[in-house]
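K.L.:
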Amino acid sequence: MSVFTIEAGLAFLGLVLLLVEAFKPDISRRTLGLTAIAGTVLALVLFVFAKHDTASLPGFIQPWHQLDTLALFYKGFALVITILVLWLTLECAPYLTRFTVDGKLAEMFSLPLIVCAGMMWMASARDLVTVFVSLELVTVSFYVLVAFARKSAFSLEAGVKYLILGALSTGVLVYGIAWIYGATGTMSFDGIAKALANPATSKTAALFGAAVLLCGLGFKVAAAPFHMWVPDVYQGAPTPVTAFLSVGSKAAGFVVLTRALDAFLAEGSIISTEIQSLLLVVGSLTALLGSLPAIFQTSVKRLLAYSSISHAGYLLLALACRDSVRFDLSSGGIVAFYLATYLPMTVLGFLGLGLMRANGLGEDIKDFAGLAKRNPQFALLMTISFASLAGLPLTAGFLGKLFVFLGLADHGYWGALSCAVIAAAAGFYYYFKTILAMYTTEGTDAPALTLSGATKAVAGALALAILILGVYPKPLQKVLTPVSATVVAK
Amino acid sequence: MSVLEIIIALPLLAALAVWLGAPARAASLGATLLNLIIVFITAVQYSGKAATGLAFTYSRPILDNPSLSFAVGADGVSLILALLTTLVMLAAIWQIQDRPAIFYVSSLLIGGGALGAFLTTDVFFIYAFHELALIPTFLMIALHGRAEPAQRKAVAWKATIYLGAGSLVLLAGLVWVVLEFSGGSKLTFDLEALRNQAKLTPLPDAKQAQIFFVLLLGFGSLVSLFPFHSWAAPAYATAPTPVAMLHSGVLKKFGLYGLIRIALPLLPQGAHVEWVQNALLLMLLGNILVMGLVTIHANRLDDTLANSSVMHMGYIFLGIAAGGEIALKGAVVLMFAHGISIALLFGLCGRMRNQLGTLEYNKLGGLATHAPAFTVLFAFGTFASIGLPGLTNFAGEVMIFVGSFTSFQAGVLSNLQWTVILALWGVVMSAVYMLRAYRSIFHGTPTTGLFMIDPAFSQRVPFIMLATTLLVTGCCPWLLLNLMKSAL
């Protein structure tokens, strides 16, 4: 079975679930949710055992799709995050349905499947058309998901903001694609790389096109100065959707960025110096503008939103460091590694927020007060998640940051490195402020928190993943290492 | 599998077990006692060995390139510090009474983190374990410190900001070291590989000095090197007793250990380049003289102890600045001695506060009448702190002073020798403030009618253990020196 069939099947399952809900309105949301999860798990299993070379794809799709290590990694990544988000939705369902029009959640189970298919296609995109189509599939589905809790004014506000800015960024993206096509005469990444190596190509046009394209993608990954939508949208969207946006949508944006930058910064490219400086500046700004405002947040959800911006900054900086002989991982590999460590800690954090809501508590730092007394296990899990997000050594989060810092130091980008270090220091402050709140003795009279067995199992697995990746990252590096080989070969 | 891995894992596993509901006191005490026995046997084994250098090594690669591995290994210095850690851990945990489980968990984590930092030989893990130990320190000061909530939070944040910034400077220095000494095509964090490369291709002196200075600032602020010391005194005075014992006694030694373990071997000339040496000498004189005067003016016991702990770091820095073999070994002996004596004093101080509710000198007096055993134990700590011959601190201080005052020529004194002459006045200051504390607390007549009685024997055991250690290693310092046969 080819990978493409699995992806198509996943999108098809999404459509079927949508229809079932429309024609059989009395079906329970649990059945729908479990079907969606079962379908995605099945897709993951099939994906692991499917053929993993480009030749196995159907002939008509081969010119546009490739299956290199990077693509395979991000496809698996998309499947895993979708499973977790679906499960998180099921977990938050009793709370979420209070804000939906008819108490139904069907689209919350079917749209993620379609998003997942879109992300999987995006991972193997070979040219800008495929990028654009799959990116839109993802973004349009997210418009619906963000505004899903329609009775909540916050969710509506988030939906409108995301729609307007998303549509605008799509326009900018298409504009950039058009300029690049005009300058290089091709849409495929390989072709663009070749054309950019040719000194006859118009440098101004190519540079303008590339810069506009990066602006468009910058919206999607929340790079400064296009990051202003993130706090409001993340805060307003239902928590599972926020987790999906923060991990899935970000990963999708970065796989496209990796592909595009491989082309723009390829050997002999006429625009590589400018694009690289642009990345360093934007990356440093993003890290700082995400981290510093986070210091003043009182809502943990908003805090996570700001921190997610600063994580995007580190990832951009990683992309600015091109291949170095002193690392097995290429810049794309480091980004993938970082995202793989980012997945468990972010999902665990949002899972915690969702559980707080499900237990009738708020999402502010003061609501976390005394959590250790009320449920020590839950407090321990949250501590692991936040410590890893802060980048405490021996957790997964530290290794990702260490790679970025080492890469910057190796290339001698001292300015960017100091910005990244300042941002990381600020991160320590606001995450530990939250951790500290959990262990204070105030607020211990608030209602106790209960977790179901399944919740404990999933949360425990995520925490374990954070700790294991933090001390034994070798397997993950092995999965990602061929990435560097292919990238360098190009 | 190496015995060192067991030593590191035991406290961490015990902490996990207690957190998940195991009986806190029994599990913590059992694990710590067992660990002390294992460390002791390991140290005896090592001192019997003819060959020196790293022993009990074992390495588990966790990443190929950049090359990272969970590598353990110990030489005399790390074993002395491991002994110090397990001794202080046992005392700190033993003296906890009627406190929630988090006291045991945090003590185990601080001790386990310190053991990890002292016994691993991969720069990544050395750094990581130290951070692991710092977190519970901050949390405990903020949550269970002995002050009003707002004040203890402020103290905890101050320590966090100083130590966090220090850690970041340290990380920058370590990354610099890794980039400079990795050599060839592969980045490595393995200390032995870095050392070999440093021997093969030493850096020019000027560059060594720069890197050394960054490391000195990073490690130094962790050890409350003047002028990055102002977090330390309030933090120790506020911290819950076991945390004060463990941080001032054990964890603070990490910065000194790092200088001896990482900075000196990799950058042998770094400390001797003139501007670095002068800067270091000025800073350590700040520790000894300025903090000495500050300590004399303290009028509460916890203030005196906290400031004296900052002051005594100056002597150890002096040994590091001198860099000769005798001075360095003296620095290690003094690290051990100071750790034991300050833990003893903080432990007793915490007990006094629990019984009396105050530590101000003008409210106390004549306590020796009803608490003779307590007074004797306190006297051990006092006299060790002053540097009385027969207790370990004396051995360390003498070695440092003698080792630093080498190659004397009449008429021309080097900056180092001037520093030694000035630093000797620190001993006088120590005598002034410690004897004053001792006199006003235990002798004379009680001014407010406050009195205390001796703790039950089972509660005296941890302090007796520490006092005995001071006496034994003070009379026979060769027990420690035998562990450091090779040159440092």
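For the record, the sequence lines run as chains F and Y. Just so you know, the numbering used here puts 70 at position 70 of the first sequence, and the rest follows in order with no gaps. Just so you know, the numbering used here puts 1333 at position 333 of the second sequence, and the rest follows in order with no gaps. C-beta atoms are modelled at their ideal positions from N, C-alpha and C, and glycine is treated no differently. Just so you know, these numbers come straight off a predicted model, no measurement behind them.
For a contact defined as C-beta to C-beta under 7 Å, what are the partners of Thr40/F on chain Y?
P.N.:
Within the first sequence, residue 40/F is the residue found at index 40, counting from 1. Correct list: empty, because the minimum Cβ distance to chain Y is about 31 Å.
K.L.:
What span of residues does the beta strand (DSSP E) with Tyr162/F cover, start to end?
P.N.:
Here residue 162/F corresponds to residue number 162 of the first sequence, with the count starting at 1. It is not in any beta strand (DSSP E) - Tyr162/F instead sits in the alpha helix (DSSP H) that spans Ala153 to Thr184.
K.L.:
Just reading off the alpha helix (DSSP H) that Val1412/Y is part of, what are its end residues?
P.N.:
Residue mapping note: residue 1412/Y aligns to position 412 of the second sequence, counting from 1. It is not in any alpha helix (DSSP H) - Val1412/Y carries neither H nor E in the DSSP assignment.
K.L.:
Alpha carbon to alpha carbon, what distance is there between Ser155/F and Val221/F?
P.N.:
Looking up residue 221/F in the first sequence gives position 221. Looking up residue 155/F in the first sequence gives position 155. Distance between the alpha carbons of Val221/F and Ser155/F: 20 Å.
K.L.:
So what's Thr967/Y in DSSP terms, helix, strand or just coil?
P.N.:
This structure cannot speak to residue 967/Y, because chain Y is shown only from 1001 to 1488.
K.L.:
Tell me the rounded alpha-carbon separation between Thr258/F and Trp121/F.
P.N.:
Position 258 of the first sequence, counted from the first residue, corresponds to residue 258/F. Position 121 of the first sequence, counted from the first residue, corresponds to residue 121/F. C-alpha separation (whole angstroms): 15 Å.
K.L.:
Output the residue ranges of the alpha helix (DSSP H) runs that lie fully inside the region 1344 to 1382 of chain Y and measure 4 residues or longer, sorted by chain position.
P.N.:
For the region 1344 to 1382 of chain Y, not a single whole alpha helix (DSSP H) run of length 4 or above is found.
K.L.:
With burial defined as no fewer than 16 other Cβ atoms inside 10 Å of the residue's Cβ, what is the status of Phe350/F: buried or exposed?
P.N.:
Within the first sequence, numbered from 1, the residue matching residue 350/F stands at position 350. Phe350/F counts as buried, since no fewer than 16 other beta carbons sit within 10 angstroms of its beta carbon.
K.L.:
Check whether the Cβ of Ala424/F lies closer than 9 Å to any Cβ atom in chain Y.
P.N.:
Residue mapping note: residue 424/F aligns to position 424 of the first sequence, counting from 1. So yes, Ala424/F belongs to the interface.
K.L.:
By the three-class DSSP mapping on this structure, what secondary structure does Ala369/F have?
P.N.:
Translated into the one-based positions of the first sequence, residue 369/F becomes position 369. If DSSP states are grouped into helix, strand and coil, Ala369/F belongs with coil.
K.L.:
Do you know offhand how far Ala1091/Y's Cα is from Met1465/Y's?
P.N.:
Here residue 1091/Y refers to the residue found at position 91 of the second sequence. Here residue 1465/Y refers to the residue found at position 465 of the second sequence. Near 8 Å, if we compare the C-alpha coordinates of Met1465/Y and Ala1091/Y.
K.L.:
Tell me the rounded alpha-carbon separation between Ile1453/Y and Val1376/Y.
P.N.:
For this step, residue 1453/Y is matched to residue 453 along the second sequence. For this step, residue 1376/Y is matched to residue 376 along the second sequence. Those two C-alpha atoms are separated by around 13 Å.
K.L.:
Once DSSP output is grouped into helix, strand and coil, what is the label at Asp1122/Y?
P.N.:
As a working note, residue 1122/Y is residue 122 in the second sequence. It is a strand residue.
K.L.:
Please list, in chain order, all residues of the same chain as Leu261/F whose beta carbon is under 6 Å from its beta carbon, the five residues on each side excluded.
P.N.:
As a position in the first sequence, residue 261/F is number 261, starting the count at 1. Correct list, in chain order: Leu319.
K.L.:
Using C-beta distances below 7 Å, list every residue in its chain close to Ala459/F, excluding the 5 sequence neighbours before and after it, in chain order.
P.N.:
As a first step, residue 459/F must be located in the first sequence, where it is residue number 459. Around Ala459/F: Leu348, Leu351 and Leu381.
K.L.:
Less than 9 Å between CB atoms is the rule here; does Tyr1127/Y satisfy it with respect to chain F?
P.N.:
On the second sequence, residue 1127/Y is found 127 positions in, with the first residue counted as 1. Chain F, which has a Cβ nearer than 9 Å to the Cβ of Tyr1127/Y, makes this yes.
K.L.:
Helix, strand or coil: which one does DSSP assign to Phe189/F?
P.N.:
Along the first sequence, read from residue 1 onward, the residue named residue 189/F stands at position 189. DSSP places Phe189/F in helix when its eight states are reduced to three.
K.L.:
Flag His311/F as yes when its Cβ comes closer than 8 Å to any non-hydrogen atom of the ligand MG, and as no otherwise.
P.N.:
No copy of the ligand MG appears in this structure; indeed no ligand is present at all.
K.L.:
Counting along the chain, where does the alpha helix (DSSP H) carrying Phe497/F start and finish?
P.N.:
Absent from the structure is residue 497/F, since the part of chain F shown begins at 1 and ends at 490.
K.L.:
Is the distance from the Cβ of Leu86/F to the Cβ of Phe109/F below 9 Å?
P.N.:
Residue mapping note: residue 86/F aligns to position 86 of the first sequence, counting from 1. Residue mapping note: residue 109/F aligns to position 109 of the first sequence, counting from 1. In this structure, Phe109/F lies closer than 9 Å to Leu86/F by Cβ.
K.L.:
Buried or exposed, going by whether 16 or more other CB atoms sit within 10 Å of the CB of Lys51/F?
P.N.:
Taking the first sequence and counting its residues from 1, one reaches residue 51/F at position 51. Exposed, since its Cβ has fewer than 16 Cβ neighbours within 10 Å.
K.L.:
Below 9 Å on C-beta distance, what does Phe386/F contact in chain C?
P.N.:
Any reference to chain C falls outside this structure, whose protein chains are F and Y.
K.L.:
Can you grab the Cα-Cα spacing for the pair Phe1138/Y / Ala1156/Y, in whole Å?
P.N.:
Looking up residue 1138/Y in the second sequence gives position 138. Looking up residue 1156/Y in the second sequence gives position 156. Just so you know, the alpha carbons of Phe1138/Y and Ala1156/Y end up roughly 6 Å apart.
K.L.:
Please classify Ile1096/Y as buried or exposed, where buried requires at least 16 other C-beta atoms within 10 Å of its C-beta.
P.N.:
To locate residue 1096/Y, count along the second sequence from 1; it is residue 96. Result: buried.
K.L.:
How would you call Val1412/Y, buried or exposed, if buried means at least 16 neighbouring beta carbons within 10 angstroms?
P.N.:
Taking the second sequence and counting its residues from 1, the one referred to as residue 1412/Y is at position 412. Burial call: exposed.
K.L.:
Within the 9 Å Cβ cut-off, does Trp1019/Y reach chain F?
P.N.:
Residue 1019/Y sits at position 19 when you count from the first residue of the second sequence. True, the Cβ-Cβ gap to chain F drops below 9 Å.
K.L.:
Which residue comes first and which comes last in the alpha helix (DSSP H) that contains Gly76/F?
P.N.:
Numbered from its first residue, the first sequence carries residue 76/F at position 76. Thr69 to Leu96 is the extent of the alpha helix (DSSP H) around Gly76/F.
K.L.:
Mind the definition here: the region 226 to 233 of chain F touches the region 67 to 86 of chain F only if three or more C-beta pairs lie below 8 Å; say whether that holds.
P.N.:
no
K.L.:
Looking at the structure shown, is His1338/Y part of a helix, part of a strand, or coil, going by DSSP?
P.N.:
Position 338 of the second sequence, counting from 1, holds the residue named residue 1338/Y. Helix.
K.L.:
In its own chain, which residues sit with a C-beta less than 7 Å from the C-beta of Thr1304/Y, not counting the 5 before and 5 after it?
P.N.:
By 1-based counting over the second sequence, the position of residue 1304/Y is 304. The beta carbon of Thr1304/Y is closer than 7 Å to those of Thr1295, Ala1298, Tyr1433 and Ala1437 in its chain, skipping five residues each way along the sequence.
K.L.:
Looking only at its own chain, which residues have a Cβ that is under 7 Å from the Cβ of Arg1195/Y, when we skip the five neighbours before and after it?
P.N.:
Here residue 1195/Y refers to the residue found at position 195 of the second sequence. Taken in chain order, the residues that qualify are Pro1265 and Leu1266.
K.L.:
Tell me, which residues are paired with Leu1063/Y by DSSP?
P.N.:
Numbered from 1 along the second sequence, position 63 holds the residue referred to as residue 1063/Y. Leu1068/Y.
K.L.:
Grab me the residues of Phe1228/Y's own chain with a C-beta within less than 8 Å of its C-beta, minus the 5 sequence neighbours each way, in chain order.
P.N.:
By 1-based counting over the second sequence, the position of residue 1228/Y is 228. Tyr1162, Gly1166, Leu1217, Gly1220 and Ser1221, listed in sequence order.
K.L.:
Residues of chain Y with a CB under 7 Å from the CB of Thr440/F: which are they?
P.N.:
To locate residue 440/F, count along the first sequence from 1; it is residue 440. Those within 7 Å of Thr440/F in chain Y are Leu1143.
K.L.:
For the alpha helix (DSSP H) containing Asn1393/Y, list its first residue and its last residue.
P.N.:
As a first step, residue 1393/Y is located in the second sequence; it is residue number 393 there, counting from the start. Asn1393/Y -> alpha helix (DSSP H) spans Thr1392 to Ser1404.
K.L.:
Cβ closer than 9 Å: which chain F residues qualify as neighbours of Asp1064/Y?
P.N.:
Here residue 1064/Y corresponds to residue number 64 of the second sequence, with the count starting at 1. Simply Asp328, Lys474, Gln477, Lys478 and Thr481.
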